[in-house]
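Chemist:
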């Protein structure tokens with residue numbers, strides 16, 4: 001159980017969210033005006049875009065009557081939207097710790113309204129804000145799904 005906690009909610013040092021090594025070059029359109037300004041526009045003609053690496057995602061289901069489960073972190077709700085074929089809306093949250101880029105989505109299953117599906121995107125770069133007394137209870141009820 002403790003290993004599962006470390007995987008889902010590491011309280012370790014910062015994680016390198018660098019860019020991947022895949023480079024793509026933008027095609028530059030050659031015109032008479034660009035040829036006359038060849039030296040000054042050379043960087044613009046051959047811009048290199050790097051694809052950002054996706055943050056890891058963790059999804060799990062928990063049987064609960066409340067939508068917001070206390071996981072020890074502080075969250076700010078930044079959105080909500082209706083989901084097709086589901087009477088329950090999906091809520092979007094961001095971690096409130098400065099510099100932490102973790103997001104989570106929370107919604108109920110359409111087939112079983114007693115089950116809350118929580119999806120975390122990213123890894124926290126700071127320790128848990130507050131200890132949770134019922135965290136062990138949450139871990140025993142959840143079903144973890146592979147990242148997608």
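In UniProt numbering, the protein residues as written are 1 to 148. The beta-carbon is built from N, C-alpha and C at its ideal position, and this holds for glycine as well.
Grab me the residues of residue 99's own chain with a C-beta within less than 7 Å of its C-beta, minus the 5 sequence neighbours each way, in chain order.
Modeler: Here residue 99 refers to the residue found at position 99 of the chain shown. Contacts found: 125.
Chemist: If we count the other Cβ atoms within 10 Å of its Cβ and call it buried at 16 or more, is residue 65 buried or exposed?
Modeler: On the chain shown, residue 65 is found 65 positions in, with the first residue counted as 1. It is exposed - the Cβ of residue 65 has fewer than 16 other Cβ atoms within 10 Å.
Chemist: In chain order, what residues of the same chain lie with their CB nearer than 6 Å to the CB of residue 115, ignoring the 5 residues before and after it?
Modeler: Walking along the chain shown from the start, residue 115 turns up at place 115. The residues are 61, 63 and 109.
Chemist: In its own chain, which residues sit with a C-beta less than 7 Å from the C-beta of residue 85, not counting the 5 before and 5 after it?
Modeler: Walking along the chain shown from the start, residue 85 turns up at place 85. Closer than 7 Å at Cβ, skipping near neighbours: 110.
Chemist: May I have the straight-line CA-CA distance separating residue 129 from residue 112, to the nearest angstrom?
Modeler: Taking the first residue of the chain shown as 1, we reach residue 129 at position 129. Taking the first residue of the chain shown as 1, we reach residue 112 at position 112. Between residue 129 and residue 112, the C-alpha separation is close to 31 Å.
Chemist: Take residue 118 as the anchor and find which of 92, 101, 96 and 74 has the nearest alpha-carbon.
Modeler: By 1-based counting over the chain shown, the position of residue 118 is 118. Checked all of 92, 101, 96 and 74; the closest Cα to residue 118 is 92.
Chemist: Got a sec? Which residues, its chain only, sit under 7 Å from residue 81 by beta carbon, not counting five neighbours each side?
Modeler: Translated into positions along the chain shown, residue 81 becomes position 81. Excluding positions up to five away in sequence, the list reads 89 and 90.
Chemist: My output table needs one value for residue 129: the three-state DSSP class, helix, strand or coil.
Modeler: On the chain shown, position 129 is the one that residue 129 refers to. It is coil, neither helix nor strand.
Chemist: Using the rule of at least 16 other Cβ atoms within 10 Å of the residue's Cβ for burial, across every protein chain shown, is residue 37 buried or exposed?
Modeler: Along the chain shown, one-based indexing puts residue 37 at 37. Note that residue 37 scores a pLDDT of 47, beneath 50, so its modelled location is shaky; the value from the coordinates is reported in the next line. So residue 37 counts as exposed.
Chemist: By a C-beta neighbour count over all protein chains shown, 10 Å radius and 16 as the cutoff for buried, is residue 73 buried or exposed?
Modeler: For the purposes of this step, residue 73 is taken as residue 73 along the chain shown, with counting starting at 1. Result: buried.
Chemist: Report back the beta-carbon spacing between residue 55 and residue 121 to the nearest angstrom; my notes put them in contact at under 8 Å.
Modeler: Here residue 55 corresponds to residue number 55 of the chain shown, with the count starting at 1. Here residue 121 corresponds to residue number 121 of the chain shown, with the count starting at 1. Sure, about 5 Å apart at Cβ, within 8 Å.
Chemist: Does DSSP classify residue 56 as helix, strand or coil?
Modeler: In the chain shown, the residue the question calls residue 56 occupies position 56. Residue 56: coil per DSSP, three-state reduction.
Chemist: For residue 96 and residue 75, what's the separation of their Cα atoms in angstroms?
Modeler: The residue labelled residue 96 in the question sits at position 96 within the chain shown. The residue labelled residue 75 in the question sits at position 75 within the chain shown. When rounded, the distance between both Cα atoms is 5 Å.
Chemist: Which first and last residues belong to the beta strand (DSSP E) in which residue 81 is found?
Modeler: The count along the chain shown starts at 1 and reaches residue 81 at position 81. Per DSSP, residue 81 belongs to the beta strand (DSSP E) from 75-83.
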